[in-house]
Amino acid sequence: MTPAINAVKKAKVAFTTLNYEHDVNAQSFGLEAAQKLQLDPRSVFKTLVTQCDTSLVVAIIPVKESLSFKKLAKLVNAKKAKMADPHIVTNKTGYIMGGVSPFGQKTKLTTIIASSALELNTMYVSAGKRGLEIGISPKSLNQLLDAQFADICT
Numbered sequence: 070m071t072p073a074i075n076a077v078k079k080a081k082v083a084f085t086t087l088n089y090e091h092d093v094n095a096q097s098f099g100l101e102a103a104q105k106l107q108l109d110p111r112s113v114f115k116t117l118v119t120q121c122d123t124s125l126v127v128a129i130i131p132v133k134e135s136l137s138f139k140k141l142a143k144l145v146n147a148k149k150a151k152m153a154d155p156h157i158v159t160n161k162t163g164y165i166m167g168g169v170s171p172f173g174q175k176t177k178l179t180t181i182i183a184s185s186a187l188e189l190n191t192m193y194v195s196a197g198k199r200g201l202e203i204g205i206s207p208k209s210l211n212q213l214l215d216a217q218f219a220d221i222c223t
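Following this line, the structure appears as structure tokens:
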């Protein structure tokens, strides 16, 4: 059990878990999950921790998309956004790169979800370790994280 799964269970919302054998040579953790679980890549999302000026912000976007740092910075009233240092990510979330879940993080961070998620019944995000995914409705994800939906992809 991961902190992510425990957090979702505690919230008493409907979810599923899917697991697969992670390949240590995989180039993209999110695309690997979509391929190995035979899921539409538009439904599999990556959890990116960014540095927006002096704050950390989580961006949840489809695995085939790229984050628009400019859109994200503007949305959170920051001058600049960039990917956060991996050591800071692990320290603040409790997760390692490739296994960062939006749920059960050590520190509650502002979270923005790509608006394309609203088109889905179920979206998949990391369950807190490589090779493990949580399937959840976008509405439940949003409520549990007190997040917002926005156009944050390039």
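For what it's worth, the working numbering labels the leading residue of the sequence shown as 70, then goes sequentially.
Every residue, glycine too, gets a C-beta built ideally from N, C-alpha and C.
Limits of the alpha helix (DSSP H) - the one that residue i falls within
i	result
G163	Per DSSP, G163 belongs to no alpha helix (DSSP H) and is neither H nor E.
Strand pairing of residue i, partner residues [DSSP]
i	result
F84	I205
I181	A128 and Q217
A150	C121
L136	C222
M70	According to DSSP, which records beta bridges pairwise, M70 is partnered with nothing at all.
V145	Per DSSP, none; premise fails for V145.
V194	I203
K36	The question about residue 36 has no answer, for the chain in this structure spans 70 to 223.
Beta carbon of residue i nearer than 8 Å to that of residue j
i	j	result
K151	Q174	no
T176	K161	yes
S170	T71	yes
I130	L117	yes
N75	L201	no
Y193	V113	yes
S128	L141	What sits at residue 128 in the sequence shown is Ala, not Ser. A contact, by the Cβ cut-off of 8 Å.
A73	L213	no
L108	C222	no
V126	I203	no
L100	V77	no
N- and C-terminal bounds of the beta strand (DSSP E) containing residue i
i	result
A102	Run containing A102: none in the beta strand (DSSP E); it sits in the alpha helix (DSSP H), F98 to K105.
Where residue i sits in the DSSP three-state scheme
i	result
V39	This structure gives no information on residue 39, because the portion of the chain shown stretches from 70 to 223.
K79	helix
Q174	coil
N94	coil
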